[in-house]
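S.K.: I'd like to ask some things about the structure below.
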Amino acid sequence: MAYKTRLLATALIAVSSAFPALADDDKIIVGFATAESGFMEAYDKPAQDAAMIRIDEINAAGGLLGKQIEVIKADTKTDRAEGAKAGLTVIDGGADLVVVSCDYDFGSPAALAAEDAGKISFFLCAESVKAGIQGVGPHSFSASVLAAVQGATMAEWAYNKKGARNFYRLLDTWTEYNKGICDGFDWMLPKLKDAKLVGQDTFKNEDASIAAQISRIKALPQEPDAIMLCTMMPGAVSAVKQIRAAGINAPILNGSSMDGSYWLSAVPDLTNFYVPVQGSIYGDDPNPDVSKFNAAYKAKTGSDPSSQYAYPGYVMIDVWAKAVERAGTTDADAVVAELEKMKNEPTIFGPRTFSAELHHQNTTKYEIIEVKDGKPGVVDSWTISEPVPLEALLK
Amino acid sequence: MLQIVFDALTLGSLYALGALGIALIFGVMRLVNFAHGDVIAFCVFALLWPSVDAVAIVFAGNLPWYLLIPFVVLVGAGLSVLCEIVVFRRFRDASPATMMIASFALGFVIRYFLLMLFTSRPKSISLLPALSQPVEIFGARLPLLQLITIVTTLLVLAGLTIFLRRTRFGLEMRAAAENFAMARMLGVRANRVIMLAFALSGALAGAIALIFGSQTGTADIQMGAAIMLMAFIATVIGGLGSLGGAVLAGFLLGAASVVMQVVLPVDARPFRDAFVYGAVILVLLFRPQGLLVARGTKERV
Amino acid sequence: MSLLDVSDIVIRYGRLTAVRGVSFSLNEGDILFITGPNGAGKSSLLRAIAGVTPIVGGSISLDGKSLAGLAPEDIARLGLSMVPEGRHVFGSLSVEENLLVGTGMHVGKNGWRARVASDLEAVYDTFPILRERRNGQAGLLSGGQQQMLVIGRALMTNPRLIAIDEPSLGLAPNITDQVYERLMALRAQRGLTLLIVEQSSTRAVMTGGRMVLMRGGQIVLEGDAREVGTGDQIQAAYFGYEDH
Amino acid sequence: MSNATTVDTHALDSDKIAVRQPSRFSLAGRTIWTPLLLSLLLVAIAVITFMIGSRPFNQTVIDVFVRVILVVGLYVFIGNSGVMSFGHIAFTCLGAYAAAWLTINPAMKKISLPGLPEWLLATKLPYWQAAVLASLFAGVMALIFGRVLMRLSGIAASIATFAVLAMINAIYSNWESVTGATSSVVGIPIVRTIWPYMIAAVVAVFIAWAHAISRSGLALRAARDEPTAAAASGVDIPRERLVAFAVSGAIMGLGGALMAHSVGVVTPDTFYLGLTFTTLSMLVVGGMGSLSGGVIGVVLLSALIQALRWLEAGVPIGDSTFAIPKGLQEIALGIIMIVILALRPTGLMGNREVTLFRKKTK
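Residue numbers (UniProt numbering), protein chains in the order written: chain A, 1 to 395; chain B, 1 to 301; chain C, 1 to 244; chain D, 1 to 362.
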């Protein structure tokens, strides 16, 4: 009877793939409450594939604490209410680690459900400071780097390496991520001697045309030395294309979300365009392990990563597994304590630090990708001179 | 100053073409077609080969322009007519609310169909790259595309006007838009006129797809939605059933948006849309029937 | 064989029955008035004949061909032109454009261009005011002019039968006289068959022809207009003094 | 006969007879079965869910109850007035944020929403008190907007309501210090038991019913079916519409507050076109002319969605699993909606209400 009821319940809730496994001492369960459909799928899938690579590696090497890692999944359908359900589903399935969607807004309902149940949650690649203690609770982490670090990195690098002094700031008010990049830029700019903001404007990602914003840049007495463009796909491509079509050739600085060559065909022969990345997908990363990972990724999915956003998934399982190993248990509080002890913990994709105040990266080493004549490649690497302080992040 | 005029005209052109596509169908069957935005998106995706990879596999997009343009326009017209035959024909006698929800459901189907074939990741395409060059005109430096957008829109408007004023089809459509039942009693074939309206509307969606696609360089399943909304509003404040009103209101909305972007201080600029929509409410309060009222149009919503 | 045969038709709106079992027939060149008080079902009857309102019982045939299931435009193409109540000119179209809307059915036939041009001339000859205003907006015409326009427009389809709903509604008596005068002249010239709905029988009596009187969705009186259209009998029938 | 076209199914329905003043009490007695039966349905769903005891399913049903509230809210205005509104989700947004303001821990509020007035920053209420206040706030805002908008009718009114939604969305998406702009507002206490949602849904159903049989509701429906006659007999249409607008705004606000507590985060884009169309579709598919239509539309469409998800996830048939491809669920949902509307243009329920005595309704 109990079995029947459970079967009925399972049928009704439509758990994807796995039937809820009973709490089983022989294995450790990682639950993915991520988007398998809807628009977040495009962002969650690569990171999740990367996470699976690390899980397979661990299992092949004998498992974690001598147990195999098993994976269960529930689809959030890129919907917040569904996200909460997906979170509850994997928790009911016995997940020791709840992995949630890449974006804070879409991942938080599941993360809050995990926090409620006293489980560790990890955002696949969210870059808002809220993806962690500040927006979920003490058991929540993000595997990526704060958006503000990206803006700050680009500002400082362009100042030092490109001699940029006159900056222009163009913000797409669509998401917190975009604002985060510009926040980091705003924090860094006053620290750069002689650097100044010659103008700023906003637009909306879905704007059919940003002609008015571009006219404002062109009305400046002289073209700025660099344009800090805080935006993301799909509007970003349109913005870059329109800026170049209007004959503005100043360097354009961006966040990591513009990494990838898949969109470059839209702006033929794009030049003077820069993005910070955690690792290069173009096969030219100074760290050979990155290229090795790329090969493993290709073997698993059939293609190279399309952007750097696959990498945090790998990092996530990597640091979590290390913490579990050190704690000797999957108990949430013990693992959190081990994670918070990590200071510049080396990973393939740069060092990671967690503390009792911040479960996110407020500084890291970034590779700088330059797009030149339509070809992207690593040109430099940069670490900001000081971490972005919590006050600047919470402003 | 001249720059602002051009910017306003560029944005207004897109809205005007969109509004026309909605007004044409509204005129003949009192249907507010919420699927219009998805038809626009479909036209852009028709250039790509279905694939779930991040990199777009360009298919028809590589055609030379003299084939590309008719291709996209025909795809739009074809899909639109298909919608009419398969779906809307069954809703001739339904209430406007029912038709509206049906059109929304249809748009939903088209959107998720695209999503299944192409995933949700926006795809980049280089459409008519030659147009991304700047040109000098009256001392203002403009992207060639901006100029072409405006000229195209004016040509489309002129062409449509001639079509409606000088041809028998046009005459029947105008009569049907004004009083559909009466036109039928005079032997005007309902199905043909409605199909023609859908074909024209779809062709306009194709035109928007081309302009928008070459402007943004992106194919995104959501891309039609923003234009569709503005176009819908333009259709209403222009005076439902009035094609001229729809075009006028489309340009006005474009102008309002650009002017607000220019005059508002930087802190208030994110609130631009709130001001634009506030203006829409004001216009509606003072001219509830729209700017240009089509005589004899009976409201049935 | 008669041109129009209406046999035992029933029309319902929801649970409300508007016409219950009406039959009549009309020969080529005939003139028939349908009269009766408001709500008698006259307009419904006319709309059913034109294919606008569906019938739930009975049959209608034109020239021996059943009209069941035909769309209004198909019926118009068979030669039945309907002039509904309230005139319905296409206000934003010009007068001439209004006249041309109904000529689509001739397109492609042998020599149709010349035919349309001569039809147009004929209408202008019948209603000279329309020629004067040919390029003006139809919505700006006076009521009488609009009535002439819709009749002219109906003629442009080259119909065998014209069905007119209340041609005198809202018109001054002398204008109505003019309209009727033209209609009678057309009937004489072209052998046109006329089906006219009017509330009162006055016109029918003045003009002559056959007349039926409807009340409560049924025909309560029929005969030659000049015979039955006057006197106590029609009074009683009109106001329903006697029970049927 | 001249208005034969407008003599349609509504011509003689019970509403009109009611307007001719029967006793209010007998009307209530005659129609009370509708809210009772609908509530019974909701209670039954809640009890079954409780007995199954699955947390994800519990969450699913909570969602259904929230939607019931929203769709009932829509019905109060759209159903009774016949005016399509694309803007009601604006009041859901107002309600959700108001609930957030009232329930978030003051310490957290000071950091994330520093622009709130001092007294609000210091307030922390239990969720049910907050929900009542949020609902009142949304109702008052609806009253204010309604005073301006209700002068309009037809599609102009529809667009104006949409403009209100777009305005509120633009403001809430950018007012950094008060709404947190586009970022999620967090720290809203999450309520995961099903009973408060069920109670709120039942309350919404009864409010809608009480409004429908009130003098104002009856007059409004008379005006919907025969505007000329109603205006001639002294019905002040804008005023009756305003009453319905405010009542429905308050119900939408209640729904918004509960929505906030069901997920624990609010963002402005939750309360925009997606939710607008989902709820409108449920109302129209159910039958926008009746309260039962709204409730049954939500329950049936939600069940359909769940069934399709279940198929998408795979159903074991014998030894093999049958599953429809990913993404097909939405396509199927759209097609099914179109088919339902094509077959039943006035929705599943048409203009009828569920009741025990079939004679009393048609």
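For glycine and all other residues, C-beta sits at the position ideal for the given N, C-alpha and C.
#1: Taking the alpha carbon of S355/A as the reference point, which residue from Q134/A, T301/A, C230/A and T383/A has its own alpha carbon closest?
#2: Check distances from the C-beta atoms of the region 141 to 152 of chain D to those of chain B and list, in chain order, the residues that come in under 8 Å.
#3: Taking 8 Å as the cut-off, decide whether the C-beta atoms of M288/D and G79/D are in contact.
#4: Report yes if the C-beta distance between V298/D and L37/D is below 8 Å; otherwise report no.
#5: Return helix, strand or coil for Q147/C, following the three-state DSSP convention.
#6: State the beta-bridge partners of W49/B as determined by DSSP.
#7: Which term fits Y66/B, buried or exposed, when burial requires 16 or more other beta carbons within 10 angstroms of its beta carbon?
#8: What's the C-alpha gap between S95/B and L4/C?
#9: Shorter than 7 Å, the distance from the beta carbon of G51/C to the closest heavy atom of the ligand NAP, or not?
#10: Tell me the DSSP secondary structure of Y262/A in three-state form.
#11: Start and end of the beta strand (DSSP E) containing D380/A?
#12: Would you call the CB atoms of residue 317/B and A19/B closer than 8 Å?
#13: Between the alpha carbons of Q261/B and A234/B, how many angstroms are there, rounded?
#14: Please identify, using Cβ separations under 8 Å, the residues of the region 175 to 186 of chain B that lie next to chain C, in order along the chain.
#15: Please report the distance separating the alpha-carbon of K85/A from that of T76/A.
#16: Here's the rule: buried if 16 or more other CB atoms are within 10 angstroms of the residue's CB, otherwise exposed. What is V47/D?
#17: Please report how far the alpha carbon of G86/C lies from the alpha carbon of S216/D, in whole angstroms.
#18: Assuming S101/A and D44/A are in contact, meaning their beta carbons sit under 8 Å apart, how far apart are those beta carbons, in whole angstroms?
#19: Does DSSP put Y43/A in a helix, in a strand, or in coil?
#20: Counting only Cβ pairs nearer than 7 Å, list the residues of chain A close to Q59/D.
#21: Name, please, each residue of chain B whose Cβ falls closer than 9 Å to the Cβ of S306/A.
#22: Quick one: what does DSSP say T230/C is sitting in, helix, strand or coil?
#23: Pair every Cβ in the region 71 to 83 of chain B with every Cβ in the region 182 to 202 of chain B, then say whether three or more of these pairs are closer than 8 Å.
#24: Quick one: any contact between the region 245 to 256 of chain A and the region 195 to 203 of chain A, if contact means 3 or more CB pairs under 8 Å?
#25: Within a Cβ cutoff of 8 Å, which residues of the same chain sit near L102/D, ignoring the five residues on either side of it in sequence?
#26: Which word fits A321/D, buried or exposed, when buried means at least 16 other C-beta atoms lie within 10 angstroms of its C-beta?
#27: So A234/A contacts chain B; which residues on that side make the cut at Cβ distance below 7 Å?
#28: Which term fits L171/A, buried or exposed, when burial requires 16 or more other beta carbons within 10 angstroms of its beta carbon?
#29: Provide the residue span of the beta strand (DSSP E) that contains L258/D, from first to last.
#30: According to DSSP, which residues form a beta bridge with N166/A?
#31: Taking 8 Å as the threshold (beta carbon to beta carbon), is K326/D in contact with chain F?
#32: Would you say G260/A reaches chain D, if we count a Cβ-Cβ gap shorter than 8 Å as a contact?
#33: Are the CB atoms of D38/B and G224/B within a distance shorter than 8 Å?
#34: Less than 8 Å between the C-beta atoms of V136/A and S108/A, yes or no?
#35: Starting from F88/B and walking both ways along the beta strand (DSSP E), at which residues does that stretch end?
#36: Give the list of continuous beta strand (DSSP E) stretches no shorter than 3 residues that lie fully inside the region 244 to 327 of chain A.
M.R.: This is what the structure holds:
#1: Q134/A
#2: V148, L149, R151 and L152
#3: yes
#4: no
#5: helix
#6: I57/B
#7: Classification for Y66/B: exposed.
#8: Rounded to whole angstroms, S95/B to L4/C spans 34 Å at the Cα level.
#9: Absence of the ligand NAP from the depicted structure is noted, as is the absence of any ligand whatsoever, leaving it without description.
#10: coil
#11: K375 to T383
#12: Since the first residue shown for chain B is 1 and the last is 301, residue 317/B is missing from the structure and cannot be characterised.
#13: Taking the straight line joining both Cα atoms gives about 19 Å.
#14: For the region 175 to 186 of chain B, the set of residues with a beta-carbon nearer than 8 Å to any beta-carbon of chain C comprises A175, E178, N179, A181, M182, A183, R184, M185 and L186, in chain order.
#15: For K85/A and T76/A, the gap between their C-alpha atoms comes out near 8 Å.
#16: exposed
#17: When rounded, the separation of the alpha-carbon atoms in G86/C and S216/D is 35 Å.
#18: 6 Å
#19: Assignment of Y43/A by DSSP, reduced to helix, strand and coil, places it in the helix class.
#20: A84, K85 and L88
#21: D53, A54, V55 and R121
#22: coil
#23: yes
#24: Using a Cβ-Cβ distance cut-off of 8 Å, the region 245 to 256 of chain A and the region 195 to 203 of chain A are not in contact, since fewer than three pairs of beta carbons, one from each stretch, lie closer than that value.
#25: Same-chain partners within the cutoff: L120, T123, K124, L125, Q129, A130, L133 and A134.
#26: Note that residue 321/D is Thr in the sequence shown, not Ala. By the neighbour-count rule (16 or more Cβ atoms within 10 Å), T321/D is not buried but exposed.
#27: Just to set this straight, residue 234/A is Pro in the shown sequence, not Ala. Those within 7 Å of P234/A in chain B are P122, T218 and D220.
#28: In summary, L171/A is buried, with 16 or more beta-carbon neighbours lying within 10 Å of its beta-carbon over all protein chains present.
#29: Premise fails: L258/D lies in the alpha helix (DSSP H), I237 to V263, not in any beta strand (DSSP E).
#30: K196/A
#31: Looking for chain F here will not work: the only protein chains present are A, B, C and D.
#32: no
#33: yes
#34: It is a contact, given that the beta carbons lie within the stated cut-off.
#35: That residue, F88/B, is in no beta strand (DSSP E); it is neither H nor E in DSSP.
#36: 273 to 277
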